[in-house]
Amino acid sequence: MRYQLGWFVLLSSALCVTGQTAGVDRLVCGRRKVRSVYLIHNGIDARAGHWPWHATIFTRNNGAEDYSCGGTIIDEDTILTSAHCVFLGNKLRPANQLAVHVGRLQLTEPNQYTQVQGVREIIAHPGFKSRRFVHDIALIKLDTNITMTKYVQPACLWTMDNNQELIVGKNGTVLGFGLTEQDAVAEQLKQALVGVVDTLTCIANDRAAFGTQLTQEMFCVAGEPGVSACNGDSGGGLFLEIGGKWFVRGIVSFIPSHRKTGLCDTSKYTAFTDVAMYMEWIEPYINRKVLVFDTDDYDVDYEEKLPLFNLDTCGISSTTFMVDESRLTLPWFGNVFVYPAGYTKCIVTLVSEWYAIGPASCLENAGNELRIRLGDHIDSQESVCFDRNETRVCSTPPQTLQIHRIIIHPRYNRNQFTDNIALIELLTPADTTRPNAKPICVPIVKELYTNRTTSLSIVSYSQMNRSFESKPISYLNASYCATVYAEKGLKLNLEDKRLCGVLSAEDTMDCVPLKSGVALQELVPYGTSKRYVLRGLDGFGLSCEDDLPPTVYINLYAYLDWMLYNMRPNVVDDSAADFTIESKWKRLQQKEGNEKLRLFDLETCGESLTVQGTARSITYMPWIGSLQGQEDVFNSPERLQSKIVLISEWYALAPAHIFNKTVSWRTITLGYYDVIVKLRCEFMNCDPPYQEVGIKQVTIHPDYDGTLNQNNIALIELLDPANLTKPSISPICLPLMEELRNVTPLQTGLATSLMNTRRVVRLSTLNCQARLIHRRYFLPTSEIPLCADEYESGLKRAVDDEGAALQGLLFFADQKRFFLNGISFLLRSVQSENEELPYLFTDTNLHLDWILDNMNIGTKRNSSLDVRFAPPSRIDRLPVGHESRRRLFNFNTCGLYSNNSNEPWVGYVRTWNTAVESYQMTKCTVTLISKWYAVGPARCLNHEPERSIVQFGGFEQLTAATCDGEFCKLPTQTIAIGNVILHPDYNTLNHDNNIALVQLAAPADVGQENVRPICLPVLDELRSYDVSSMRVASEAALFDHSLITPEVGDNYLDPAECQKRWDGQALNIPIQRTKLCILRNMDMSLSTQMSSLNLTEYLTFV
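Note that the sequence shown ends on residue 1126 in my numbering; no numbers are left out.
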């Protein structure tokens, strides 16, 4: 860094300090300093020093003090209490009206342990509502620090999992000077043992009170009969003991009052504000040294952890060379890269053969396949020799290692980048016999834990020496560093978790910036040699940057116990190869009766796709597709109905309730779809990155009855196989083995689309039930669906589409793969209301057997395409009435056509478009049955007839004949529509009786060869016909001048088979006797069918 001269003048005083220490200053919480043995009974007197964190709050009035509430000491100058304790009516009390006593046991008589504190500031939660006890929490800042003694100590704040279900059934202790059984204020501080109950039990205790007042940020406790937190106990804490420490988890908020006395009803439960839900609000106002994730709060046996490290070889520099001829002197240097793309994300430091340390900001939410490469940044397994400084040297091949798990520090803040550290456990151990892969030393013994700052250096790259090497940094004390940052307009709080340092100007000039995570190391004498010891990390990779303030490093000392606590002995068992989960899966697939398991390839499924963009990398979840539906194929566009999840080449899953929606047609889109990409590929004839595929069969779970949260799952069989050669199309894995279902995922995610994935955390049944209750959904435990919530608080919920995948990341076949756990559904129709609920899913693990039972394999899947009931050779119809109307038809000329015309009875409907002021072609055609009448589908003729015309004689509008060699096109006729008569039983929802009679405004000139009516089967001899002789006109046939399409032949479908196929697609298309069915495509490999009106059934209407 190149600083101005003024900076160096100030810098000199900071740099000349030698022998400084940078240890962690701890404020121990939650530990009793007074030892005694006693039993806790209901409401017994508390003993001195048993509850040193209890505070007593008094109100001052005209020089006198009156007892008000309880509170809890959480650091040297902060008291935690209820918000309603610091309000008078709707206004916050002035600070000078409150006094806080700590160490007090008697209400009226102080003792030798009592300290009296004035109040500097009162901080109530901004969302507090006095009438409903919402956000009933406040902090009282004292005007002087508390003197910590054996009888006055802070309690620990709850920094663990805030899942309320985890404390249901747990016992805790509540304290206070509340009313006794005689309704008098207790003189002696009381303690009582109570138990946490679940939300449903609490509401059942008093539905009127708890049903309306209880929020997600509260929980309830119950004591023995007659024991509860009563009037005057408000603001006091509920304390739980964990690992020898006492944590404040709740604050007394309210208890229902007795109807007669107006005092607390001891038969009712007590509502507590859940402190764990407010940690983000509390932390800015307190001394973070009291939080339990500092080093003193992990019970670590250093002697037990020593075998994890090789102190004989760690931290010794060596010289090896890389393929690009660079020199490596620090063999613990590792690159984290994205596989298979290959680009480096950050730097990690090897601390043992199984573990490495790196920045959480790089490793959190690692949906990509991250790997670690030691010894080189280029993957070259061949040694390359070259001349360097007139000496022949050879590169040492690197080793690439897979990551088994990443442990992010529990207090990592992605917004402020505090606690930016992560521990990486490798899948297999690093080969530390290689000279370019050696761990750095960790300060686990006192000889390596110097707590000094005089021999610090960073890992860097020297362009001049073409070498990865260490460069010394000068330690800056915290106050000076904060001053430098303040001059830049930046607020810096180093605490004891970060160190500040700076390179010399000379070293900065020859320092190439590396990625985040480079090691801050200390050179320490150990035995007969000097060793490098890990002291911290550069979380941003800024050590070599010019014109920046001094670099702030993560101080490893503050995280040493956390790191050791999470490290465990690892052993490689080569003999266990035959017992791996992969080998078990292969044996399971080959077992007789498990043929359907062979539909799934667990060695290729569940792999996300990462593409490096210009600004950032993009990760695709290629199993997420879209289900589109059209309400009317003629008049409405396709609309997204749901997301689907591809589980194999032929099958996908979706919510069952989606198929309750009435549509005419559905299709599925897989892969990367974009309108611009589609147009480009259509224009340039390229292979699109997506696939549009039809649906062959939809199987709804047999126990689904329309209830969204029960058995809401559908299996979709595709008409054509998914094109798995396209990179953005690939199935997710199903956990088809118990071992895969029982293992804890490395992370859990919600894939809402191909490119949108977010990290979530699964909720327990009771937790989910409680959250639903708070939103007025009262479901029994047996009906609670699978639930999840945002991993990162404050994010807006992704509730735009249903059918999203809840997926867990597991290791299988030496690869991280995503396995499906659930399919999402929305409980409410209004999006904003769903944002208030947790994510809800159908648990796919409960339906795996049903999925397998309904999947077809090989020939069974394809054979269904050819299954038809044998069609009758002839269909006989009953005679039709209205014989007098037969004279309207000329059977001498109807149904005739010449080779120079297309089907001359086909008419094209055009409608007036006011935007372009002309008639525009529609998707609707009619068939001329006489010179005055035509018939057509009611669904596209249901509009104003005066705005429509019909064009007969051809698709292309011609006013005069045109000839091309021997082929001539005759002029077309355009006739206005006089009237449209819809069938009286036409159903606009399922389009049953889909027929309309069109009366022309003027007669058609049927003397032309290209305009003639077709015959209607009104004569008895015409009403019966051979099935094989039927023909059908098609648009393609008209465009290529075909006179008529080939005969239907055996493409005819029996009505029962036709109905079965339409039902299989979950489309409400009734066939009955009013429709005829033929395969839509003459290619027999396709099973799409079309349903044509059986006109013989409508002659009476016509």
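We put the CB at the ideal spot given by N, CA and C, even for glycine.
Remember, it's a predicted structure, so these values are computed and weren't measured experimentally.
Determine the burial state of residue i: buried for a count of at least 16 other Cβ atoms within 10 Å of its Cβ, exposed for fewer.
i: Lys610; result: exposed
i: Met645; result: buried
i: Ile881; result: exposed
i: Asn968; result: Correcting the residue identity first, residue 968 is Glu in this sequence and not Asn. By the 10 Å Cβ count, Glu968 comes out exposed.
i: Met242; result: buried
i: Gln614; result: exposed
i: Asn1034; result: buried
i: Arg704; result: exposed
i: Gly87; result: exposed
i: Asp167; result: exposed
i: Phe263; result: buried
i: Val854; result: exposed
i: Ile462; result: Looking at the sequence provided, one finds Lys at residue 462 rather than Ile. Classification of Lys462: buried, given that the 10 Å Cβ count is 16 or more.
i: Cys948; result: buried
Would you kindly work out how many angstroms separate the C-alpha atoms of residue i and residue j, rounded to a whole number?
i: Leu451; j: Gln426; result: 5 angstroms
i: Phe157; j: Gly261; result: 16 angstroms
i: Ala148; j: Trp305; result: 10 angstroms
i: Arg1097; j: Thr686; result: 22 angstroms
i: Leu213; j: Leu129; result: 5 angstroms
i: Ala365; j: Val635; result: 7 angstroms
i: Ile81; j: Tyr91; result: 6 angstroms
i: Ala119; j: Cys288; result: 28 angstroms
i: Ser481; j: Val314; result: 30 angstroms
i: Ser672; j: Ser494; result: 51 angstroms
i: Asn186; j: Glu631; result: 32 angstroms
i: Ile847; j: Gln141; result: 56 angstroms
i: Ala958; j: Pro1037; result: 8 angstroms
i: Thr768; j: Leu330; result: 28 angstroms
i: Val417; j: Tyr696; result: 48 angstroms
Sort out for me which residues DSSP pairs residue i with in a bridge.
i: Asp90; result: Thr83
i: Asp298; result: Gly274
i: Thr1012; result: Thr1012 is not bridged to any residue.
i: Thr723; result: Leu739
i: Lys840; result: Phe835
i: Met1054; result: Per DSSP, none; premise fails for Met1054.
i: Lys115; result: Leu112
Give the secondary structure of residue i by DSSP, where H, G and I count as helix, E and B as strand, and everything else as coil.
i: Gln734; result: coil
i: Leu803; result: coil
i: Cys710; result: coil
i: Tyr674; result: Contrary to the premise, residue 674 reads as Trp rather than Tyr in this sequence. It is coil, neither helix nor strand.
i: Ser752; result: coil
i: Pro331; result: helix
i: Val314; result: helix
i: Asp867; result: strand
i: Gly259; result: coil
i: Arg458; result: coil
i: Tyr589; result: helix
i: Lys608; result: helix
i: Ala828; result: coil
i: Gln188; result: helix
i: Leu1123; result: Unreliable placement is indicated for Leu1123, whose pLDDT of 41 sits below 50; no coordinate value is reported for it.
i: Lys165; result: strand
i: Ile700; result: helix
i: Phe683; result: helix
Under the criterion of a Cβ to heavy atom distance below 7 angstroms, does residue i qualify as lining the ligand MG?
i: Met779; result: Ligands displayed in this structure: none; no statement on the ligand MG is therefore possible.
Legend entry - Three-pair Cβ contact test at 8 angstroms for the segment 604-618 versus the segment 472-480: no
Inset, instruction - Examine the Cβ distances between the segment 742-750 and the segment 760-780 and report whether three or more of them are shorter than 8 angstroms. - result: no
Inset, instruction - Evaluate contact between the segment 785-803 and the segment 846-862, counting only Cβ atoms and requiring at least three cross-stretch pairs below 8 angstroms. - result: yes
Legend entry - Touching by the beta-carbon criterion (3+ pairs, under 8 angstroms), the segment 346-364 and the segment 382-401: yes
Inset, instruction - Indicate whether the contact test is met: 3 or more Cβ pairs, each with one atom in the segment 521-528 and one in the segment 494-507, closer than 8 angstroms. - result: yes
Legend entry - At least 3 beta-carbon pairs within less than 8 angstroms: the segment 557-570 vs the segment 482-492: yes
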